[in-house]
Structures are given as C-alpha cells and as structure tokens.
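The structure appears below as structure tokens.
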Amino acid sequence: MKRTFWIVLCLLALVCAGTALAETPKKGGTLVFGRGGDSVGLDPAYETDGNSFQVCDNIFEALVFYADETTALEPGLAESWDIAPDGKTYTFHLRKGVKFHDGTDFNADTVVFSIGRMMKDRQIKYFGKGWEIPAQERPPEYWVSMEMDDIVGSIEAVDEYTVVFKLKMVNAPFLANMGMDFADIISPTAFIKNPVEFIRNPVGTGPFKFVSWVKDDRIILEKFDGYWDKAAGPYVDKVIFRSIPENSVRFLELKTGNIHICQFPNPQDIALAKKDKNLTLPTQPGMNVGYLSFNHTKEPWKSNVDLRKAIGHAINRQAIVDNLYQGMGQVAKNPIPPTMWGYNESIPGYVYDVDKAKEYLKKAGFPNGEGLGEINLWSMPVPRPYNPDGVKIGEAMAADLAKVGIKAKVVTYEWGTYLKRQREQPEDMDLFQLGWTGDNGDPDNFLAVLFDGKASTAIRTQWINDDYHDLMVQGRETIEQAKRDEIYQKALQIFFDECPAIAVAHSTVIWPALKNVNNFKLHPTGSVRLKNVWLK
462 MKRTFWIVLC
472 LLALVCAGTA
482 LAETPKKGGT
492 LVFGRGGDSV
502 GLDPAYETDG
512 NSFQVCDNIF
522 EALVFYADET
532 TALEPGLAES
542 WDIAPDGKTY
552 TFHLRKGVKF
562 HDGTDFNADT
572 VVFSIGRMMK
582 DRQIKYFGKG
592 WEIPAQERPP
602 EYWVSMEMDD
612 IVGSIEAVDE
622 YTVVFKLKMV
632 NAPFLANMGM
642 DFADIISPTA
652 FIKNPVEFIR
662 NPVGTGPFKF
672 VSWVKDDRII
682 LEKFDGYWDK
692 AAGPYVDKVI
702 FRSIPENSVR
712 FLELKTGNIH
722 ICQFPNPQDI
732 ALAKKDKNLT
742 LPTQPGMNVG
752 YLSFNHTKEP
762 WKSNVDLRKA
772 IGHAINRQAI
782 VDNLYQGMGQ
792 VAKNPIPPTM
802 WGYNESIPGY
812 VYDVDKAKEY
822 LKKAGFPNGE
832 GLGEINLWSM
842 PVPRPYNPDG
852 VKIGEAMAAD
862 LAKVGIKAKV
872 VTYEWGTYLK
882 RQREQPEDMD
892 LFQLGWTGDN
902 GDPDNFLAVL
912 FDGKASTAIR
922 TQWINDDYHD
932 LMVQGRETIE
942 QAKRDEIYQK
952 ALQIFFDECP
962 AIAVAHSTVI
972 WPALKNVNNF
982 KLHPTGSVRL
992 KNVWLK
C-alpha cells in the first residue's frame, strides 16, 4: 500500500512538473496577425472601427481594464476608484511609476489632458503646469455619440496621482465606459508635438510601442521594455498586423505558416481548420450584431415605416446565415445579442415572407416596387466579426429584394472611404450595411450609440424617435439593473414597431491560429490583446 502511494505521488509530481514546464511562457519571436483590412487611424479618441482599435489595444491603456475574457472591470492605469454616495463623483487613484513610450511620466495631468481634449466645454484643472489643448481637427465620434458632454461636468487633477470626475447627472454605464478605447490615455508630449500626425504616430503606456505603418499592408509594433506590469508579458519582441483583404488568401497564409492568427476566415474554412492538426480554434460567442439600415435623412426611408417593414420581410436572413455564415451565426431578432441583459424575448423579428413584404410595399405606395426606382444598397468591403462577406451578403439581399419588385444596386468602397461617406449620409445611399461589437457589455452601448439619432448627429443611423430617446436617457440615469432591463425591453419594442434598421445576424467568432501560439484569447468586445501571448 505504501509503495503504491509513493508511485502515485511520484507520477502526480511528474505530471505537475510537466504541466508547469509546458505553461512557462517563452520570450522572443515575431507574432504576425492576419486581418481583413487596415486601420483607419491610431488615435483612439477619434476612431470607431475595430481594425483601428485592435492596434490601439496594444499601444494604449485606460483607467480601467476589462477582464481577459469578460467585460468585468479590473484596475488599469487606476489602481482603485471611489464613487460618491450621490453617484456623480468618481475619484480615480492612479498607478505610480508608469511611463509613456516617449519617456513622459504618466500622472493625473495626462489623464486630464487625454479625456479633456474631447470635451466641448473644457472644464478641466491640472495639478501641475499641464498642457494647452489644440483645436480638434474633427469631432471625437464616440464621445459625441455617447453624449459625454452632457454627462461629464469637470475633470480635476487634485494631486499628482488622483483625478476627480464630476458628472452632471447619474450615469450607470460611466465606469464601464471608462474602459473603452476612446478613454485611453495618450502622451500629451507626443500629441502636442504634432496633433495632426498623432493618428499615424501614436504614443501610449501599453505593452507594445508603435514602429511603422505601410498603408494597406502592415503595422509594426515592438515590445516596450519599460512597461509597468512586470508580473507577466509582453513576451513576443514584435507584432506585425498584416492587411490581407481576401478571406481565402488570409486562411492560406495561415496554413502555410506566414501568419500566426487568421481573423475572419470564410465560414467554410472553419471545417478545414478543425481537421488541421497544426491549428487551434480560439472561439468566442459574439457580443455583436450585423444590421442593414436605411438613410433616415432622405425620403421615402425617413417617414415611410411600411416601406421599411417591406424590406424587413423581403430579406431571407435565415438563408444568409445558412449560406454565408455557414453555421457560425444566428438570425437576429433584436439589435442586441441574446446573451445580453435587456434582450426582449417576446419580439418575433421580421420573418421572411414575400407575400407580406408585397403587402407592405403596396401600403407604402410602391406596389411591386413601382415608383421606387433603383436603390443603392451599400455593402461593406471588409469582413467583420458580425459580417463575413459584406458584398456577397449585399448581393443576396439584392436578389431577395428583386423577388418583391425592388431593384437594388450593390455599392461598395474602400473601408475608410465607406465609413467616411456613410457618416455624411449622401443622397446616393438608400440602404447600408454596418454592424457592431459591444464595447462594454451594457445595452446602452448598442441601443443608444447605434440608433438614438436625436442624441447626436454622430449617430450613423440618424433615426430620430422621441420616445426611444427618452428611454435611452432613463436607461443611463437609472442605477438598478432590473429597472434598466425593463427600460431597454420597452425600447426594443419601439425599435421593432418602427423598423429603423434590420438586425440581420449575431455571429460566433472563430479566429484560427497556429498551434505554437499560446495564451491567445478572444474577447467579447473584439479587442485584440497580445500582451500575454507567446510563441513556442
């Protein structure tokens, strides 16, 4: 018995030792991340696209972090924080000994500068000398669309490592919002040196520092040796973000070992990846939605609800999910994913029904599409977490619309141009594809940021509905989650009744990686965090 005990004990020791050795991160090497498109810019305050944020996630940091695989909040550049009993004063206690990549010290004044530069009425106060904030070249879209000027009253550095935010009103999502990319802290020294060029020469406190950018080809980062968190990574010496627009080509580059991680493969390539012993399949249930919206700045889309509903019933979303998502998605009923609180289970969604679509077309004043003319259906040129192939999906939608008598022309542009022109709401845009991956796990981040056109002209859909807007305000000013849940369910009912956009699908995100890539984790927000990734 005693001999058996010692044999078992020795075997356990060997297993544990082997596991420990296997899990010891190895330093060095270059990680190549293959993605479907280039970044638009690298100043997190001014960008909204995932390809920009993926790079920013590794250069910059915010006061609060999200956990590795959830949106639970953790200390970031702030070690801790206090919230006043009235819910309107947030005091952040900052880390000491943190430096930016250019050697500038991180302190309370850098926080005041970074967040204060987005404020329209800059009620800010430095502890030290501080910096004069240059005029903005363009509006900070996230800040504006989230109505942050109506929320944040003032920001003050009360000492070198303490910052106080005073809010104008209670705002339930505020702390979670401070973990988003737009709230990243930048080097004021680098920004002041050349504000216009900062989007191409970013400087933060993150684990990697910017090296170079060849447009539509690659962005190179390298390990920041002065990174403050010595407990873990960064482990790799260099990160290369390669732009490879064709999904199939990108997957082939993974198979041949030219890239380590393949973003947004074709759904049919997932089956091949599962059979490849040299690949792993990091997977995350998507906190996302792909949608088709209408140009609410022009008629007939602006005021003709029946026409919008006709489009909703004309599009065979199940066929799109089956044929183009190929099992890696589900038809959307709400514009928020079913895993999120606030989801309205009672909403049926717009069921594919050609006869019903024709009925609504007739009610709208366009029987069999007569009098509507050819419409332009803008389709995304790059794959996104919520949309594997925008052009093919656009073609499928156009074919569906033709069955009810609507002629639709599929239009696309280079990604940066697409986003810029769509924001301008041009006359030649009737319908447009976009989508969203949640930033913080709060319904406000979907329902207000995407669809509350009354809140701001920065809202891309520009749908304006007074009742919906009032519910968005209530949702932000209510602390109790159960009450907020009821508010958002009411808002979703209005959304369904008015059909300002058609929620198409929620996707499951799978990014195949080479087997020698260790500790790469997909995040529900779509962020790409490479600090703890290492290569065998």
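Per the numbering used here, the sequence shown starts with residue 462, numbered consecutively.
Cβ coordinates follow ideal geometry from the N, Cα and C atoms, glycine included.
None of these values were measured; they are calculated from a predicted model.
Whose C-alpha, out of the options, is nearest the C-alpha of residue i?
{"i": "F1013", "options": "A692, S648 and K735", "result": "Limits of the chain in this structure are 462 at one end and 997 at the other, which puts residue 1013 out of reach."}
{"i": "E947", "options": "Q584, P695, G803 and K716", "result": "G803"}
{"i": "H562", "options": "G687, P601 and D499", "result": "G687"}
{"i": "V872", "options": "E885, A857, D861 and F893", "result": "F893"}
{"i": "R679", "options": "I705, I520 and D927", "result": "I705"}
{"i": "S987", "options": "D900, I920, V525 and I963", "result": "According to the sequence as given, residue 987 is Gly; it is not Ser. When only C-alpha atoms are compared, the closest one is D900."}
{"i": "D645", "options": "P828, R661, G665 and A771", "result": "G665"}
{"i": "S764", "options": "A962, G489 and W674", "result": "A962"}
{"i": "Q724", "options": "K819, M801, M639 and P849", "result": "P849"}
{"i": "K654", "options": "T565, P746, T550 and W924", "result": "T565"}
{"i": "E760", "options": "G747, G834 and P746", "result": "G834"}
{"i": "F626", "options": "P656, A545 and I594", "result": "A545"}
Using beta-carbon positions only, say whether residue i and residue j come within less than 8 Å of one another.
{"i": "M579", "j": "A633", "result": "no"}
{"i": "T623", "j": "T509", "result": "no"}
{"i": "L742", "j": "G495", "result": "no"}
{"i": "V782", "j": "G790", "result": "yes"}
{"i": "G718", "j": "L492", "result": "no"}
{"i": "H984", "j": "E535", "result": "no"}
{"i": "Y786", "j": "P728", "result": "yes"}
{"i": "Y874", "j": "R884", "result": "no"}
{"i": "G877", "j": "Y847", "result": "no"}
{"i": "P809", "j": "F907", "result": "no"}
{"i": "G640", "j": "F827", "result": "no"}
{"i": "A860", "j": "A818", "result": "no"}
{"i": "I616", "j": "V573", "result": "yes"}
{"i": "T898", "j": "N708", "result": "no"}
{"i": "A693", "j": "E621", "result": "no"}
{"i": "D499", "j": "F659", "result": "no"}
{"i": "F669", "j": "K684", "result": "yes"}
{"i": "N805", "j": "Q935", "result": "no"}
{"i": "Y603", "j": "F567", "result": "no"}
{"i": "L636", "j": "V613", "result": "no"}
{"i": "I971", "j": "T758", "result": "no"}
{"i": "D582", "j": "V989", "result": "no"}
{"i": "N784", "j": "Y813", "result": "no"}
Assign residue i to one of three DSSP states: helix, strand, or coil.
{"i": "A929", "result": "In the sequence as presented, Ala is not what sits at residue 929; that position holds Tyr. It is helical."}
{"i": "E885", "result": "coil"}
{"i": "L822", "result": "helix"}
{"i": "P746", "result": "strand"}
{"i": "R840", "result": "According to the sequence provided, residue 840 is Ser. The question's Arg does not apply to it. S840: coil per DSSP, three-state reduction."}
{"i": "H774", "result": "helix"}
{"i": "N519", "result": "helix"}
{"i": "A539", "result": "strand"}
{"i": "Y551", "result": "strand"}
{"i": "K670", "result": "strand"}
{"i": "T986", "result": "coil"}
{"i": "L482", "result": "A caution first: L482 carries a pLDDT of 46, below 50, which makes its placement in the model too unreliable to give a value."}
{"i": "Y879", "result": "helix"}
{"i": "E617", "result": "strand"}
{"i": "N980", "result": "coil"}
{"i": "T571", "result": "helix"}
{"i": "R740", "result": "In the sequence as presented, Arg is not what sits at residue 740; that position holds Leu. Of the three classes helix, strand and coil, the one that applies to L740 here is strand, per DSSP."}
{"i": "D586", "result": "Residue 586 is actually Lys in this sequence, not Asp. In this structure, K586 counts as strand in the three-state DSSP scheme."}
{"i": "V710", "result": "helix"}
{"i": "G591", "result": "coil"}
{"i": "V675", "result": "strand"}
{"i": "A528", "result": "coil"}
Rounded to the nearest angstrom, how far is the Cβ of residue i from that of residue j, given a contact under 8 Å?
{"i": "L880", "j": "G855", "result": "With 8 Å as the limit, L880 and G855 do not qualify as a contact, their Cβ atoms being about 16 Å apart."}
{"i": "A523", "j": "G502", "result": "Contact doesn't hold; Cβ gap of about 18 Å is too wide."}
{"i": "W762", "j": "L753", "result": "Not really, about 12 Å apart at Cβ, beyond 8 Å."}
{"i": "A966", "j": "A771", "result": "Not a contact, Cβ separation roughly 20 Å."}
{"i": "V516", "j": "I722", "result": "No, V516 and I722 are not in contact; Cβ-Cβ is about 14 Å, not under 8 Å."}
{"i": "S606", "j": "V910", "result": "5 Å"}
What does residue i pair with, by DSSP beta-bridge criteria?
{"i": "K699", "result": "T491 and E683"}
{"i": "A962", "result": "S754"}
{"i": "N784", "result": "N784 pairs with nothing; no bridge assigned."}
{"i": "T623", "result": "H554 and D620"}
{"i": "S968", "result": "G790"}
{"i": "R560", "result": "One point to set straight first is that residue 560 is Lys, not Arg, in the sequence displayed. Per DSSP, D566."}
{"i": "K870", "result": "N837"}
{"i": "V631", "result": "Answer by DSSP bridge pairing: none, since V631 is not bridged."}
{"i": "N795", "result": "Answer is none; N795 lacks a bridge partner."}
{"i": "F893", "result": "S754 and W839"}
{"i": "A974", "result": "I722 and T741"}
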